[in-house]
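All residue numbers for the sequence shown refer to the working numbering, where the first residue is 55 and numbers rise by one. From the three backbone atoms N, C-alpha and C, an ideal C-beta is built for every residue, glycine too. Take a look at the structure set out below.
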Amino acid sequence: MTVDPALLSAGNRADGSEIIEPIDPDSADARPTDLPDADRAVIDQIAAVHSAEVTVLTKVGDPGRALAAVAEEHDALMIVVGTQTGRRRITEFFNGLVAARLAHQQHRPVLVVPVDPVGFDDPLPWDAS
Numbered sequence: 055m056t057v058d059p060a061l062l063s064a065g066n067r068a069d070g071s072e073i074i075e076p077i078d079p080d081s082a083d084a085r086p087t088d089l090p091d092a093d094r095a096v097i098d099q100i101a102a103v104h105s106a107e108v109t110v111l112t113k114v115g116d117p118g119r120a121l122a123a124v125a126e127e128h129d130a131l132m133i134v135v136g137t138q139t140g141r142r143r144i145t146e147f148f149n150g151l152v153a154a155r156l157a158h159q160q161h162r163p164v165l166v167v168p169v170d171p172v173g174f175d176d177p178l179p180w181d182a183s
């Protein structure tokens, strides 16, 4: 699942489709950012090796709320979130907050998978210069 935090859901239309609005009123783009093709290809390749069925969802708004809502909708056993690499330092920081918020604001277990861990004596990704 990917979440575009630059957009918010403003409810649903009569036909059930979602009304999406940008947080920045100067932004004309109200289309959520999809998962990059390269990331989708990796997911599909791993799923094929393990004969797993994968559905990629694109949501908008607060990542923690979106993840919790999808977990509830699918009656998930747990929520798995990954860390980011050092090249996206501020995102790494906020992803940590998402995992912490999920651990305290909903009832499912949260598994945080380190993508590119650093040693205890190394700077954290958001502290590295």
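Check, Outcome
"Complete runs of the beta strand (DSSP E) confined to the segment 88-127 [at least 3 residues]", "112-114"
"Three-way DSSP call (helix, strand, coil) for residue 64 in this model", "strand"
"Residue 153, buried or exposed, once every other Cβ within 10 Å from all chains shown has been counted against 16", "buried"
"Which of helix, strand or coil DSSP assigns to residue 152", "helix"
"Any 3 or more C-beta pairs closer than 8 Å across the segment 120-138 and the segment 88-100", "no"
"For residue 75 and residue 85, the rounded distance between their alpha carbons", "8 Å"
"Beta-carbon proximity check, residue 262 vs residue 115, cutoff 9 Å", "No answer is possible for residue 262: it lies beyond the span of the chain, which begins at 55 and ends at 183."
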